[in-house]
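Report on the structure given below.
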Amino acid sequence: MDTRSPDEEPPRSVLARGLSLLDAFGSAETELNLTELAARTGLPKPTAHRLLGELVRWGGVERTASGYRLSMRLFVLGQRAPRPRGLREAALPYLEDLYEATHENIHLAVLDGNDTLFLEKVSGRRSMPIVSRVGGRLPAYCTATGKLFLALGPPQRLERVLAAGLVHYTPHTIVMPGLLQRELARTVSRGYAVNREESEAGVSAVAAPVLDHRRRVIAAISITGNVCRLDLDRLAPAVRTAAMGLSRELAREPATAPFPFLPRL
């Protein structure tokens, strides 16, 4: 599947072409073959093959029996990025406390484009298996964390999401703009967001915003689990307490801390 928009041209520079190959790996795929990588980037197969060879020699990509996969070198580089690392380190005690209290999946997420990006996840054997993973992403409009960025962010953020189109992920996904806007208004009024089987069947979530010293939403914390087991309104105070605690910690030294990790508009 080609991940580029129909009007988007293939990258021109050698660097941009190489980076496009790395970016072709989605959150659900661990391996892709040459044909898939060429299709997703719009590069000719010989060009893709040559650049993949360069990436293998550099250590960013590994060859497998069926194609290619991203290497540990990229993980090491990612750990050097100061802002997400600082946010994750500050948030982890709050996420662990929530997990101990609920034994459900606990997420820390930020906004990346039109998606909610999961920076951290705490779960265990009693947690319901779900599709999310660290470094993975889901559309903002059908996740509890993402709805917070849309509800509490600038109007142009929601406008961009609506312009891109709302797609069904489950029968419960909200795909009518008017219904989504009403849901976001309810999110603002109650101070937390919910997702009732909107991104994955059988899975619900409740999320609260993490704010910086200027009261801007920079992240979100969520509790996610089985729709039949989670009482979202009952769990809302717990996730709001955790998010407020993290917000206070992040606001203590705004000038020198390695955050906020501000979402892009």
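Here full-length UniProt numbering is used: position 52 in the sequence shown is 52, and no number is missing along the way.
Don't be surprised by glycine CBs; every beta carbon is placed ideally from N, CA and C.
Output the boundary residues of the beta strand (DSSP E) element that contains residue i.
| i | result |
| --- | --- |
| PRO139 | 137–139 |
| MET62 | The residue asked about is misnamed: residue 62 is Glu in this sequence, not Met. Unbroken beta strand (DSSP E) run through GLU62: 61–63. |
| ASN105 | 105–112 |
| ARG69 | 68–70 |
In the DSSP assignment, the alpha helix (DSSP H) including residue i goes from what residue to what residue?
| i | result |
| --- | --- |
| LEU21 | 14–23 |
| GLY124 | That residue, GLY124, is in no alpha helix (DSSP H); it is neither H nor E in DSSP. |
| HIS49 | 45–58 |
| VAL239 | 232–251 |
| ARG40 | 34–41 |
From this set, the options, which residue's C-alpha is nearest residue i's C-alpha?
| i | options | result |
| --- | --- | --- |
| ALA144 | ASP115, LEU55, LEU43 | ASP115 |
| THR173 | GLU197, ARG216, ARG57, THR187 | GLU197 |
| LYS121 | LEU150, LEU87, ALA140, PHE149 | LEU87 |
| ASN33 | VAL61, GLY67, SER13, GLY178 | GLY67 |
| GLY26 | LEU150, ARG252, PRO46, ARG133 | ARG133 |
| SER71 | ALA38, LEU43, ASP23 | ASP23 |
| LEU230 | LEU92, ASN195, LEU246 | ASN195 |
| GLY153 | ARG216, CYS142, VAL61 | ARG216 |
| SER204 | GLY178, PRO177, LEU235 | LEU235 |
If residue i sits next to residue j, beta carbons under 8 Å apart, how far is it from one beta carbon to the other, in whole angstroms?
| i | j | result |
| --- | --- | --- |
| LYS147 | LEU111 | With a Cβ gap of about 11 Å, LYS147 and LEU111 do not count as contacting. |
| GLY53 | ARG73 | Not confirmed; about 16 Å, so no contact. |
| GLY136 | PHE149 | In fact, because the Cβ distance is near 16 Å, the residues do not count as touching under 8 Å. |
| THR47 | ARG17 | 7 Å |
| ALA151 | ALA193 | 7 Å |
Contact the segment 199–214 vs the segment 229–243: 3+ CB pairs below 8 Å: yes
Three Cβ pairs or more, each shorter than 8 Å: is that satisfied between the segment 218–236 and the segment 102–117? yes
At 4 residues or longer, what runs of the alpha helix (DSSP H) sit wholly inside the segment 145–218? 155–164, 177–190
Tell me whether the segment 154–161 and the segment 115–127 touch, counting them as touching only if at least three CB pairs, one residue from each stretch, are closer than 8 Å. no
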